[in-house]
Amino acid sequence: MRYNRYLDMTKCLTAKTIILLAVFFLQGVVIAKAQSVTGESTVDVLVEMGFENVGCTEDADERVYVLQNSAYRLQGVGIGKAVDVIQNMGLPEEKACRIIVLDNNVPQISLYYQPVKGDTAAVAERRDWNVSYDLEDSWQKVRRVKRKNSSLFKVDIVVYPEFMFQNFKLSRMYDIVLNLSPAIEISLWKGMKATAQVIFPIVNDYGARYEQIRPGYVTLSQSVRLPKNTFLTASVGFFNNFRWGVDVRAKHHFKDERFYIDARLAYTGRGWFDHWAYYHGHKWTLTGHVGGSFYWPKYNTQFSIKAERFLMEEFGLRGEMVRHFRYASIGFYGLKVFGKDDAANNGFNAGFLFQIALPPYKYKRKGYIPRVVGGDFGIRYNAGNELYYGSGFRNNSNDNTLRENSFNPYFIKSELLNF
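Under the numbering used here, the letters of the sequence shown match residues 399 to 817, in that order.
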């Protein structure tokens with residue numbers, strides 16, 4: 399039999415080619431599997447830390463995480479911890495990574511990391527993430543992904559201290575009220591939260607209506623995110639300042655995210671609890687405001703101005719300047735009421751305000767067992783001593799400037815950089 403060395407060489411090359419192709423294919427499978435495991439492993443670590451509604455998806459362009467910070471009292475701290483975990487577990491190679499942050503299952507902001515070609519840095523840092531209200535098309539990719547550790551039907555018992563004071567009497571320096579007001583808060587479905595609060599009076603100089611154990615906020619609130627970075631929240635129930643009814647608020651963030659406009663419209667009546675029986679009047683009042691705001695990122699300071707209609711059906715202008723810190727928001731306000739000749743100081747009023755986030759600042763939920771967490775404590779000082787005009791109400795315990803700023807992209811970025 400004649401020896402054909404060319405045939406043997408062809409067989410050898412063919413075998414080598416098959417082996418190389420197999421190795422190349424298996425390498426691609428291993429890399430893809432490793433990237434997938436990395437995403438799934440990161441989700442498991444975040445869930446173990448206490449984050450809720452956690453999921454991940456990946457395509458040829460980017461890896462997208464979705465999560466809700468339920469492990470840390472402060473959003474800036476919690477988001478920073480999540481970024482650290484995602485970076486340490488491993489970012490996808492040669493493609494972008496995005497983190498979409500939820501609040502009660504409603505997307506609020508996104509953090510976006512884009513690797514730079516030729517960058518020799520071994521590990522991404524916090525400063526490399528861009529924070530924005532813009533989700534682009536990433537939300538469509540991840541919105542139907544199965545999420546772990548759902549927040550639905552889980553109960554928080556939030557403890558709110560309440561302190562009020564007034565000095566309308568010549569016979570004493572101040573009348574004060576000190577209450578302890580725990581509230582049960584539960585997420586019913588996407589964007590829907592139920593709140594039921596009970597007020598326990600500790601000190602009372604305000605009269606009979608303040609001396610009883612009584613309901614506080616009892617509300618249902620539905621929040622949705624609309625196109626073009628617009629958010630809408632509608633609330634119905636019993637509010638503070640002896641109001642009950644319906645309250646709707648909308649906020650739109652511009653492309654330059656330092657600016658936003660917002661509007662609020664409420665239709666409420668007056669009512670109060672007396673020995674757990676509810677009494678109410680027959681007059682309903684339309685109140686609301688239209689305003690705009692500018693955020694100065696260098697100093698985390700917010701400037702806002704609003705045209706308002708108040709509870710006595712009077713109109714006015716309100717301006718505020720508030721500086722936001724990690725644990726508190728502190729600022730000043732000025733107010734002018736129009737068309738009321740009997741208003742104090744010709745309708746002018748001013749004062750300071752602050753809101754403090756109370757500890758504990760880190761907690762973990764065990765299944766569906768209710769957990770006790772700290773609320774907020776705040777004061778708005780009425781320097782003009784106006785008793786009637788320029789008054790409004792809050793629709794929920796979370797209706798304050800500290801909570802409103804908690805998902806501000808510039809504030810979150812400053813938290814990533816400074817802590």
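All C-beta atoms, glycine included, are put in the ideal place defined by N, C-alpha and C. Values in this document were obtained by computation on a predicted structure and should not be read as measured data.
From the DSSP output, in three-state form, read off Ile810 for me.
In the sequence shown, residue 810 corresponds to position 412, counting from 1. Helix at Ile810.
Let me know the secondary structure DSSP gives Leu815 once reduced to three states.
Stepping through the sequence shown from its first residue, residue 815 is reached at position 417. If DSSP states are grouped into helix, strand and coil, Leu815 belongs with the helices.
Same chain, Cβ closer than 7 Å to Tyr604, neighbours up to 5 away in sequence not counted:
By one-based count along the sequence shown, residue 604 stands at place 206. Asp573, Val575.
Can you tell me where the beta strand (DSSP E) with Arg612 in it begins and where it stops?
Here residue 612 corresponds to residue number 214 of the sequence shown, with the count starting at 1. Counting along the chain, the beta strand (DSSP E) containing Arg612 begins and ends at 612-624.
Chain D beta carbons: is any one of them nearer than 8 Å to that of Gln595?
Absent from the structure: chain D. Only one protein chain is present.
State the DSSP-derived secondary structure class of Gln820, mapped to helix, strand or coil.
Lying outside 399 to 817, the shown extent of the chain, residue 820 is not represented and no answer is given.
Evaluate the contact criterion for the stretch 633-648 versus the stretch 607-619: three or more CB pairs, one atom per stretch, below 8 Å.
yes
Considering just the uninterrupted stretch of the alpha helix (DSSP H) at Ser579, what are its terminal residues?
Position 181 of the sequence shown, counted from the start, is the residue given in the question as residue 579. Run containing Ser579: none in the alpha helix (DSSP H); it sits in the beta strand (DSSP E), 573-587.
Grab me the residues of Gln466's own chain with a C-beta within less than 8 Å of its C-beta, minus the 5 sequence neighbours each way, in chain order.
For the purposes of this step, residue 466 is taken as the residue at position 68 of the sequence shown. So the list reads Phe449, Glu450, Asn451, Val452, Val499, Leu500, Asp501, Asn502, Asn503, Ser549, once near-sequence residues are dropped.
Which two residues bound the contiguous alpha helix (DSSP H) that contains Arg801?
Locating residue 801 in the sequence shown gives position 403, where the first residue counts as 1. Taken as a continuous stretch (DSSP letters only), the alpha helix (DSSP H) holding Arg801 covers 799-802.
Once the 5 residues before and after Val688 are set aside, which same chain residues still bring their CB inside 6 Å of it?
Here residue 688 is taken as the residue at index 290 of the sequence shown, counted from 1. Excluding residues within five positions, the ones whose Cβ falls inside 6 Å are Ala661, Ala705.
Pair every Cβ in the stretch 503-514 with every Cβ in the stretch 794-801, then say whether three or more of these pairs are closer than 8 Å.
no
Using three-state DSSP, classify Gln433 as helix, strand or coil.
Position 35 of the sequence shown, counted from the first residue, corresponds to residue 433. Model confidence at Gln433 stands at a pLDDT of 44, short of 50, so the residue's coordinates are unreliable; what they give is reported in the following sentence. DSSP places Gln433 in helix when its eight states are reduced to three.
As assigned by DSSP and simplified to three states, the class of Met710
What you label residue 710 is simply residue 312 of the sequence shown in a count that begins at 1. Coil.
Are the CB atoms of Tyr510 and Trp537 within a distance shorter than 8 Å?
As a working mapping, residue 537 is identified with position 139 in the sequence shown. As a working mapping, residue 510 is identified with position 112 in the sequence shown. It is not a contact, given that the beta carbons lie outside the stated cut-off.
Per DSSP, which residues does Gln564 bridge with? Please list them.
As a first step, residue 564 is located in the sequence shown; it is residue number 166 there, counting from the start. According to DSSP, Gln564 bridges with Asp573.
For His722, count neighbouring C-beta atoms within 10 Å of its own C-beta (all shown protein chains included) and say buried if the count is 16 or more, exposed if not.
By one-based count along the sequence shown, residue 722 stands at place 324. Looking at its Cβ environment, which holds 16 or more other Cβ atoms inside 10 Å, His722 is buried.
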